[in-house]
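Residue numbers (this note's numbering): 1 to 246. From the three backbone atoms N, C-alpha and C, an ideal C-beta is built for every residue, glycine too.
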Ligand SMILES: Nc1ncnc2c1ncn2[C@@H]1O[C@H](COP(=O)(O)OP(=O)(O)O)[C@@H](O)[C@H]1O
Ligand SMILES: [Mg+2]
C-alpha cells in the first residue's frame, strides 16, 4: 500500500510555481489586485496598438511610392497639417490642397510631406497615386497605356488620395483641358482628397479684376478653377529657391 500523498510546505510551493510557469507560458499573468490600469498597453485589442500597426503599414506604402529625393520630406506648413489631419480623420471632409509658388520653393517636398503625415496618423485606408501632370497626360493619351486609357482614367478618378505634381506646366490643348476637367470634376463630386502643386497661382486677378499674369484659370480654364475654388485649401509657397541647397 502506498502512503497517502500529502503536500508539505515545499510541495505546495512547487505546484504553485509550476502552475504559474504554465500560465505564464500561455500568456496568462498572475492575478494582481489593486486599481485597474487603463493606460494603452499596445496589446491586441487596444485601439492605439491597431492605429500604430496601420501607421507602420501606411508608412511602408508611402516610402515605396515616394521618389528618392523626397524620402525625408516632412510638411511644415500649419495649413498643410490641418488638411492632412482632416484627411486622416474623415477623407471626404478635407477637399483639395493646392500648393502654389515658383519652382524650387518646396511644393513637391511639402506635398509628399502631407501624404506622409496622413500615413503617420494610421488612417483606416491608405492608398495614393503621385504623378506629374505631364506623365498623367502621357498616360491618358490614346495609346498611352497598355491597360487602356479608360482603365487609367478610372484608377485616377477613384484612388482614395491623389497627388498631381506640376499642374499647369504643360502646353494646354483641348485634350489636356478636358482630361483635367473630367478627372478633377469627378474627384470633386466624390469629395476625394487631392493634392495639386503648380507654379501658377489659382487666380492672379487683383482687387480691380485685372490679371497680373498667367494663372491656373487662364491656363486650365475657368471650369476647373471654379471647382478648385469651392473646396480647396490654397497655400502659397514663396521664398528663395531651395534647389542647389539640397
Ligand atoms: N523643408 C525642406 N527641407 C529640406 N529640403 C527641402 C525642403 N523643401 C524643399 N527641399 C528641397 O529643395 C529642393 C526643391 O524643393 P521642391 O519641393 O522640389 O520644390 P518645388 O516642387 O517647389 O519646385 C528639393 O531638392 C527638396 O528636396
Ligand atoms: Mg516640384
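First through last residue of the beta strand (DSSP E) which encompasses residue i
i, result
"residue 196", "194-198"
"residue 96", "96-100"
Integer Cβ distance of residue i from residue j, believed to fall under 8 Å
i, j, result
"residue 166", "residue 133", "5 Å"
"residue 93", "residue 86", "5 Å"
"residue 197", "residue 96", "About 11 Å; that fails the 8 Å criterion."
"residue 88", "residue 121", "3 Å"
"residue 55", "residue 119", "6 Å"
"residue 125", "residue 160", "6 Å"
Residue i Cβ short of 7 Å to ligand 2 heavy atom set
i, result
"residue 169", "no"
"residue 165", "yes"
"residue 60", "no"
"residue 197", "yes"
"residue 308", "Residue coverage of the chain in this structure runs from 1 to 246, which leaves residue 308 outside it and unanswerable."
Test item: CB-CB of residue i and residue j under 8 Å
i, j, result
"residue 109", "residue 70", "yes"
"residue 114", "residue 153", "no"
"residue 195", "residue 163", "yes"
"residue 157", "residue 183", "yes"
"residue 129", "residue 180", "no"
"residue 116", "residue 74", "yes"
"residue 242", "residue 66", "no"
"residue 228", "residue 98", "yes"
"residue 216", "residue 202", "yes"
"residue 101", "residue 237", "yes"
Endpoints, alpha helix (DSSP H) assigned at residue i
i, result
"residue 87", "78-89"
"residue 71", "Run containing residue 71: none; DSSP gives neither H nor E here."
"residue 103", "No alpha helix (DSSP H) holds residue 103; DSSP gives it neither H nor E."
"residue 56", "47-65"
Check: residue i C-beta below 7 Å from any heavy atom of ligand 1
i, result
"residue 237", "yes"
"residue 70", "yes"
"residue 76", "yes"
"residue 243", "yes"
"residue 103", "yes"
Neighbour flag for residue i against chain C, beta carbons, 8 Å
i, result
"residue 220", "Here chain C cannot be found, since the structure has a single protein chain."
Secondary structure, alpha helix (DSSP H): runs of 4+ residues fully inside the region 108-179: 133-140 and 149-158
3-residue-minimum beta strand (DSSP E) runs that sit fully inside the region 179-244, ordered along the chain: 194-198 and 232-236
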